[in-house]
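If you're matching them up, the sequences are chains Y and Z in order. Under the numbering used here, the first residue of the first sequence carries the number 157, and numbering increases by one thereafter. Under the numbering used here, the first residue of the second sequence carries the number 974, and numbering increases by one thereafter. Written out below as structure tokens is the structure these notes cover.
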Amino acid sequence: MARHIKIGLIVLGVGFAIALGFFVDVVGRVQSMMKNERETEENPFKQPTQPLYTPTDPPMNVKLFFPPASGDPLLTAEDATIFQSAEIENRAKQILQKLQEGPHNDVMVPSLPKDAKAQDLFISQEGTAFIDFSNAIATNHPGGVLNELATIYSIVNSLTYNLQEIKEVKILIGGVEKETLAGHCLLLLPLSLDLSITNVKPREEKTASAAVGTTLNR
Amino acid sequence: MTLVAALGAALFIFGGSIQAADVSFPIYFPNSKLIVQADMMNRTVYLPIKEILGHLRLQYTDSVALETLTIHAGSNQLVVTKNSALMSYNGQIILLPSKILREDNRWLAPVEFLTLGISRMTGLDFRYRPGTSRIFAGNVDTPELEMNAQTLGPITRLTLRCSTPINLNLNRENPVKAILDINRTPLDPTRERLEHKDRLLHSVTFDDSDGDSKLVLDITREVTDLRITPADNNRIFFVDFLRTAPTTATPPPPTLEPPAAVATKPDAVAPERRVRVIVIDPGHGGMDTGVKTAAGTEKDLTLALARRLRTGLIMRLGATVLLTRDSDIAMDNEARSAVANNNQANLFISLHLGYSPNKMESASSIFIVNDGLGENVSQVSGTNQLFLPWYLGYRTHRQASAAAATMLQQELIKEIQGWTFSIRTAPLAVLSSATMPSLLVEIGNLNNSVNGQTLADAGFQTRLVNGIVNAVQRFSQSPQPAAN
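Set out below in structure tokens:
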């Protein structure tokens, strides 16, 4: 075999070995990334180190806001009961758990997309609740401005209406601040209670009068 | 290795003495201007002292033996020494950031020589912004010039804003270079050079080295036409770079698309018309598909609808109509509202299609930003209300947005009978930064198969477009509420 062919083959062999090494390394990295993502998706929620309530805690009536199956207003309230635990965070977490379960009637539909779960919750001294949701709240969201609005204000209203200590809610997704949930509604700012899109009267003015519609003008 | 070390050593030794070519440096005085040849050395601008002193009629004594230059003005005396950063003003020592040089009978001083030395002698205030190549002296009027460039589908638009009325004269020197002479001198550009680098425009450079303001446009051979459209009493100019002749530049038209319907047709403005520039935002795009069901994909339907609406608005109103995207590309919300803001739009309409978990639902909505969005944050952020957060842009025209929403609701209900269009408020990202009346229209429910087919129907889209055009026409002719 000619000398230059031998040299060529050796160079090709060395090149191939280096390329193979890189390929194996890249495949390994991609696999480890996918594994990490899967782990985050499958088990993103820290198990509460302490229970959210004790059996001796008194019951507390709350209103959970869900979208109606059809028509206005954007959100309607369902009555539910949680335990009045000493920590406000634990009460908020109970409310979020109830929201994740969805409504217990046929005239309302769930407000959170499939697999969307609250991973962490923190309430600042100013009364802003920071809630970190799993990525599923964005990735599994079907879209639509009205639908996105219903998801966001279902969370905001359910917390701020029932827990006076929470003035505003700031939603994080996957541990980070996101501009929007599904491309429409701004999440960069904390949001406060908005009962104009519900059939519930403000607490101070609660009367037996008829429900308020969501629309400004029809 | 040795070679690299030698190269490094050579750079170290000779790098310090590398001298850039001379640059023309205008100094603008209240009633005159002086163009001097400045030297750039070690990133410091050196100005020739004697020429400036001659222009200011200041007496000086150049002592070769003492290597000093003594400047006299009345009883005041300023002394500078060769190769020294210290100068003496009436016996008081002043430190300059760089040494004063003397080369071939030329005294050279850094810019600070003017601001720290000559200012005291003459009482003239000198203003210099590092990175620029001009100095303003005294109370000379220096209107600001801002420039922005954007790629808008088949065209590229350069927007110029000046705080005083100006006139432009275009001169295309060769296929890749054009000069835009500005009849106002001096000007203070907010940036010297604008890099854009798209298929039509590479860069825009402000040049007043000869004392006359001009913009040097570095364009590509693909530019076949350049158009200038003034606005706001010649304070704003849109310079459009067109790739092909206007008759062939139209994107694939829907049924109504006329051959001359270029997105940026300069408007023949009727004097009473208030809405001259309209920006339409087809929701979603690219990887962001929006709602996706068997009935269709939101990003495609909104684009088709936006193109149809553009045609309707151009034909009926003769307005300048721009789309935030004219192809299947992803854009973030801030970029969408920036298209409207940067083009001085009078109306911004974002188009979306709805989704409801209920397959029987078919309601539509017209959204404006909810009142009070972000106000708590802005109050907390400080007392300086001159600079508001970007997302509070909506506040300036919220009343007008509400008025436009009402007109749109009325016209759509009239045009598409049996459909409901509710006006709602929401913290919408795409509208929050828009500094003009702005709306978001969410039409139908793509989860409803009948509704989905209707939305894709050309006849329905035409009726929808008619309703929106009627509303825009009414809004344009109505007395608009003052900015909030």
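Glycine included, C-beta positions come from ideal geometry on N, C-alpha and C. Remember, it's a predicted structure, so these values are computed and weren't measured experimentally.
Would you report the Cα separation of residue 1304(Z) and residue 237(Y), rounded to the nearest angstrom?
-> Here the C-alpha atom of residue 1304(Z) lies approximately 44 angstroms from the C-alpha atom of residue 237(Y).
At a Cβ threshold of 9 angstroms, is residue 200(Y) touching chain Z?
-> With a pLDDT of 48 at residue 200(Y), under the threshold of 50, the modelled position of this residue cannot be trusted; read the value that follows with caution. Not a single CB atom of chain Z sits nearer than 9 angstroms to the CB of residue 200(Y).
Closest residue to residue 1112(Z) among 1105(Z), 1120(Z), 1037(Z), 1099(Z) (Cα-Cα distance) | Considering only alpha carbons, the answer is 1099(Z).
Taking the C-alpha atoms as reference points, what is the distance between residue 1034(Z) and residue 1011(Z)?
-> Distance between the alpha carbons of residue 1034(Z) and residue 1011(Z): 22 angstroms.
Nearest chain Y C-beta to residue 1224(Z) closer than 9 angstroms, yes or no?
-> Residue placement at residue 1224(Z) is poorly supported in this model, since its pLDDT is 40, which falls under 50; the coordinates still yield a value, given next. Against chain Y, the CB of residue 1224(Z) has no partner CB under 9 angstroms away; the residue lies outside that interface.
Could you tell me which chain Y residues have their CB closer than 7 angstroms to the CB of residue 1328(Z), listed as they occur along the chain?
-> For residue 1328(Z), the chain Y residues whose C-beta falls within less than 7 angstroms of its own C-beta are 298, 299, 300, 303, listed in chain order.
Does DSSP classify residue 1129(Z) as helix, strand or coil?
-> If DSSP states are grouped into helix, strand and coil, residue 1129(Z) belongs with the strands.
Leaving out five residues before and five after residue 1302(Z) in sequence, what residues of the same chain have Cβ atoms less than 7 angstroms from its Cβ?
-> Only 1258, 1259 meet the Cβ criterion.
May I have the straight-line CA-CA distance separating residue 1067(Z) from residue 1090(Z), to the nearest angstrom?
-> Rounded to the nearest whole angstrom, the C-alpha separation of residue 1067(Z) and residue 1090(Z) is 8 angstroms.
Closer than 9 angstroms, CB to CB, is residue 225(Y) near chain Z or not?
-> Chain Z has a Cβ within less than 9 angstroms of the Cβ of residue 225(Y).
Listed by chain order, chain Z residues near residue 340(Y) by CB distance under 7 angstroms | 1401, 1402, listed in chain order.
Identify every residue that forms a DSSP beta bridge with residue 314(Y).
-> According to DSSP, which records beta bridges pairwise, residue 314(Y) is partnered with nothing at all.
Under 7 angstroms (Cβ pairs) to chain Z, residues found in the region 308-336 of chain Y = When CB distances to chain Z are screened at a threshold of 7 angstroms, the residues of the region 308-336 of chain Y falling below it are 335, 336, in chain order.
Taking contact to mean at least 3 C-beta pairs separated by less than 8 angstroms, is the region 1308-1315 of chain Z in contact with the region 1118-1125 of chain Z?
-> Yes: the two stretches touch, three or more of their Cβ pairs being nearer than 8 angstroms.
Output yes or no for whether 9 angstroms exceeds the beta carbon distance between residue 339(Y) and residue 1261(Z).
-> Here residue 339(Y) is near residue 1261(Z), since their CB atoms are less than 9 angstroms apart.
Taking the Cβ atom as the reference point for each residue, do residue 1264(Z) and residue 1327(Z) lie within a distance shorter than 9 angstroms?
-> Yes.
To the nearest angstrom, report how far apart residue 1241(Z) and residue 1210(Z) are at their CA atoms.
-> Confidence is the limiting factor: at residue 1241(Z) the pLDDT is only 38, short of 50, which leaves the residue's position unreliable, though a coordinate-based value still follows. Cα-Cα distance, rounded: 15 angstroms.
May I have the straight-line CA-CA distance separating residue 1224(Z) from residue 1440(Z), to the nearest angstrom?
-> Bear in mind that the predicted position of residue 1224(Z) carries a pLDDT of just 40, short of 50, making it too unreliable to give a figure here.
Scan the region 227-281 of chain Y and note each continuous beta strand (DSSP E) run of 3 residues or more that stays entirely inside, going in chain order.
-> Fully enclosed beta strand (DSSP E) runs of 3 or longer: 232-239, 274-279.
Residues near residue 276(Y) in its chain [Cβ-Cβ closer than 6 angstroms; skip 5 each side] = 288.
Validate contact between the region 311-318 of chain Y and the region 1285-1294 of chain Z using beta carbons, cut 8 angstroms, 3 pairs | Cβ pair count under 8 angstroms is below three, so no.
Residue 995(Z), enclosing beta strand (DSSP E) - first and last residue = Element bounds for residue 995(Z): n/a, residue is neither H nor E.
Secondary structure of residue 190(Y), DSSP reduced to three states = Under the three-state reduction of DSSP output, residue 190(Y) falls in the helix class.
Give a yes or no on whether 9 angstroms exceeds the smallest Cβ distance from residue 374(Y) to chain Z.
-> Below a pLDDT of 50, predicted positions are generally treated as unreliable, and residue 374(Y), at 36, falls in that range; no measurement from the model is reported.
Can you give me the Cβ contacts of residue 1401(Z) inside the same chain, cut-off strictly under 7 angstroms, excluding the 5 residues immediately before and after it?
-> Sequence-distant Cβ neighbours of residue 1401(Z) in its own chain, meaning closer than 7 angstroms and more than five residues away, are 1340, 1342, 1413.
Near residue 1053(Z), which residues of its chain fall below 6 angstroms by C-beta distance, leaving aside the five closest residues on each side in sequence?
-> Closer than 6 angstroms at the Cβ level, and outside the excluded window around residue 1053(Z), lie 1042, 1060, 1073.
Classify residue 1422(Z) as buried or exposed, calling it buried when 16 or more other Cβ atoms lie within 10 Å of its own Cβ.
-> With fewer than 16 other Cβ atoms inside 10 Å of its own Cβ, residue 1422(Z) counts as exposed.
Every unbroken beta strand (DSSP E) inside the region 1010-1071 of chain Z [3 residues or more] | 1017-1021, 1032-1036, 1041-1046, 1049-1054, 1057-1062, all fully within the region 1010-1071 of chain Z.
Ends of the alpha helix (DSSP H) at residue 355(Y)?
-> Careful: residue 355(Y) lies outside any alpha helix (DSSP H) and carries neither H nor E.
Can you tell me which of 1390(Z), 1397(Z), 1025(Z) puts its alpha carbon nearest to the alpha carbon of residue 1437(Z)?
-> With distances taken between Cα atoms, residue 1437(Z) lies closest to 1390(Z).
Between 184(Y), 249(Y), 169(Y), 163(Y), which lies nearest to residue 319(Y) when the distance is taken from Cα to Cα?
-> It is 249(Y) whose Cα lies nearest to the Cα of residue 319(Y).
Any C-beta of chain Y sitting closer than 9 angstroms to the C-beta of residue 1370(Z)?
-> Closer than 9 angstroms: no.
Euclidean distance between Cα positions of residue 332(Y) and residue 1411(Z) = Straight-line Cα distance between these residues: approximately 29 angstroms.
Output yes if chain Z places a C-beta closer than 9 angstroms to the C-beta of residue 352(Y); else output no.
-> Taking 9 angstroms as the threshold, the shortest C-beta distance from residue 352(Y) to chain Z falls below it.
How is residue 304(Y) classed by DSSP in three states: helix, strand or coil?
-> For residue 304(Y), the secondary structure class from DSSP, reduced to helix, strand or coil, is helix.
May I ask you to list, following chain order, the residues of the region 247-274 of chain Y that have a beta carbon less than 7 angstroms from some beta carbon of chain Z?
-> Close to chain Z, meaning a Cβ-Cβ distance shorter than 7 angstroms, are the following residues of the region 247-274 of chain Y: 265.
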